[in-house]
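Residue numbers (my numbering), protein chains in the order written: chain W, -16 to 200; chain V, -16 to 200.
Okay, structure first, notes after.
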C-alpha cells in the first residue's frame, strides 16, 4: 500500500508557510524564501546546481529523503506555476525547465482542464480535478508500489491532511518570523490528534519534527 | 532601563500555547501540560520539589534563566488563579501556597479591584487594571534596576507584544500536536517583523528560539 508523505514542509516560528503578497516574482511571498534557506545550504541542493559545497548532516539527509522510494507526486497548482484561472495556452510548462527533477508522474490539482504534458526525464504532468482520495488513488496506481509525495502548497496540504490521507508528515521550523502570510494550521485540525510526534531535533538552526499517524504504527 | 522578558513560553508544533477546554482542573486545557513536560524533566524544576533528579544542560539553563536579574513579574489573571469575574472574597491566594517562589512584586492584570496581597518570601501581589505600558512602568519601578518578567498567559503576551513592550522573547516548540486550543499568534502581528531570531537549538526533544527587538541591539 503506497504511503502519502510530506517532506521538508517549512514553517516560520509564528506558523507561516509563505509570506504575504505572493506573486510571480515572489511565489513564496515576502521573505518566504528565507524559510528555505536551510535547504539551499545543503550539499544535496547545491549538487542540483552542479556545485560541490553545502552541508552534509541531518538537514541534508532529510532533504534528500523526499526522493527515496517515491513513484509519484501530487501538488497544488501554485506549485506548478503562477497562472490563475483558465490556461491561456499551453506555453507554461512548470518552474523546472524541460527536464524536471521528478522522473515520474506528477498530478497537478486544478479546476481547469489541460492535456497531459510529457517532459524529458520521465516526468509527465497530469492536470486533475477530483477529491483528494481520488487523486491519491490515481497517484498510488501510477507509483506502482512505491510511495507518493505531496508537494504542497499549504492549502493542498491542509486538504489532504483533513481528508486523513497523509501518513508521514515532516515539518521544519525555521528561525524566521514572517508576521503575516499563509498558515499551514489556519484552523484547528482535529485529525492532528491522531498523529504522534517524534522529539524535535535541530541541525544548523532549524528544528525537524516527524508526525506519523498512530493507526499506521 | 528595565527590560521586559518572556521566558520558556512553549508552543505545540501546531502553534497552541494551551489546549482546548481550560478549567480549574486543567488550567492549560486538554493535554496542555504536555507542553511543559520538558520543564518538569529539568534538574532546576525537580529541585523545587526537593528532588535531586532531572536533566542538566540547555533546557535546564534556559528554564533557570527566568529568575536571573529579575525584580518584578507581570501576569494575566488566569496565571494567578481560576476565578473569573469579581472576586467573591479574598480567600484565593494564588496557585503557589503561602510562600510563592517569586520573592518580588507581582502585578496581576484584572478588571476587578482587590487589595494588595502580601505573602511570605518577599512576594506581594498587586492587582492592576491599566494599559500595558502603564503596568510595565509600575513593574519597572518596583524592579528597582532589575528586569521584569512577563509570566503569561497567551492573551497577556499578545497584548504586551502588540504594544511593543517585550524586549526578549524565548519561545520553545514542543513535540506535541494539540489540534485545537489557544494560540499565541492568533492574528498576524506586524510587530514581529521588528524582531530577529536566533538559530533554533534543540535539547531533549524541544527546540528553543530567542527573539530580540532589532532596535534594541
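We put the beta carbon where it would ideally sit given N, CA and C, even for glycine.
Everything numeric in this text was worked out from a predicted model, so none of it was measured.
| query | result |
| --- | --- |
| Is there a Cβ of chain V sitting closer than 8 Å to that of residue 39/W, yes or no? | no |
| For residue 38/V, which beta-bridge partners are listed by DSSP? | 25/V |
| Which residues bound the beta strand (DSSP E) around residue 133/W? | 130 to 133 |
| Counting only runs of 3+ residues fully inside the segment 127 to 196 of chain V, write out the beta strand (DSSP E) ranges in chain order. | 130 to 133, 151 to 156, 178 to 180, 184 to 186, 189 to 196 |
| Leaving out five residues before and five after residue 127/V in sequence, what residues of the same chain have Cβ atoms less than 6 Å from its Cβ? | 54 |
| Residue 185/W and residue 180/V: beta carbons closer than 8 Å? | no |
| Using a cut-off of 8 Å between C-beta atoms, extract the partners of residue 159/W located in chain V. | 180 |
| Identify whether residue 107/V lies in helix, strand or coil by the three-state DSSP scheme. | strand |
| Please look up how many angstroms separate the CB atoms of residue 111/W and residue 92/W, rounded, as I've assumed it's under 8 Å. | 6 Å |
| With distance defined between alpha-carbon atoms, name the residue in 117/W, 87/W, 1/W, -16/W nearest to residue 167/W. | 1/W |
| For residue 170/V, count neighbouring C-beta atoms within 10 Å of its own C-beta (all shown protein chains included) and say buried if the count is 16 or more, exposed if not. | exposed |
| Could you spell out the range, first to last residue, of the beta strand (DSSP E) harbouring residue 90/W? | 88 to 92 |
| Any C-beta of chain W within less than 7 Å: which residues of the segment 149 to 175 of chain V qualify? | 154, 156, 158, 159, 160, 162, 163, 168, 171, 172, 173, 175 |
| Which of the three DSSP states, helix, strand or coil, is assigned to residue 7/V? | coil |
| Using DSSP with H/G/I as helix, E/B as strand and the rest coil, what is residue 58/W? | strand |
| If we ignore side chains and look at the alpha-carbon of each, how far apart do residue 76/V and residue 7/V end up? | 15 Å |
| Starting from the beta carbon of residue 15/W, find every residue of chain V whose beta carbon is closer than 8 Å, and list them in chain order. | Ordered by position in chain V, no residue passes the 8 Å Cβ test against residue 15/W, which lies about 13 Å from the chain. |
| Would you tell me roughly how many angstroms separate the C-alpha atoms of residue 107/V and residue 84/V, rounded to the nearest one? | 11 Å |
| Do you know offhand how far residue 3/W's Cα is from residue 165/W's? | 7 Å |
| So, do the segment 128 to 147 of chain W and the segment 56 to 74 of chain W have three or more beta carbon pairs nearer to each other than 8 Å? | yes |
| Classify residue 85/W as helix, strand or coil using the three-state DSSP reduction. | coil |
| Determine the DSSP secondary structure at residue -15/V, reduced to helix, strand or coil. | coil |
| Excluding sequence positions up to five away, which residues of its chain have a Cβ less than 7 Å from the Cβ of residue -10/W? | 48, 49, 132, 153 |
| Just confirm the distance between the C-beta atoms of residue 175/W and residue -3/V, as a whole number of angstroms; I'd bet it's less than 8 Å. | 6 Å |
| Work out the CA separation of residue 45/W and residue 158/W for me, nearest whole Å. | 18 Å |
| Using the Cα positions of residue 187/V and residue 24/V, report the straight-line distance between them to the nearest angstrom. | 9 Å |
| Thinking just about the alpha-carbon of each residue, which of 103/W, 117/W, 69/W is nearest to the one in residue 90/W? | 117/W |
| Quick check: the Cα distance between residue 62/V and residue 129/V, rounded to an integer number of angstroms? | 22 Å |
| Beta-carbon separation of residue 155/W and residue -8/W under 8 Å? | yes |
| Between residue 172/V and residue 162/W, how many whole angstroms is the CB-CB distance? I'm expecting something under 8 Å. | 6 Å |
| Going by the CB atoms, is the gap between residue 101/W and residue 178/V shorter than 8 Å? | no |
| Applying the criterion that 16 or more other CB atoms from any shown protein chain within 10 Å of the CB defines a buried residue, is residue 95/W buried or exposed? | exposed |
| With a threshold of 8 Å between beta-carbons, can residue 207/W be considered close to chain V, or not? | Residue 207/W falls outside the range modelled here, since chain W spans only -16 to 200, and no answer is possible. |
| When the cut-off is 8 Å and only beta carbons count, does residue 190/V lie next to chain W? | yes |
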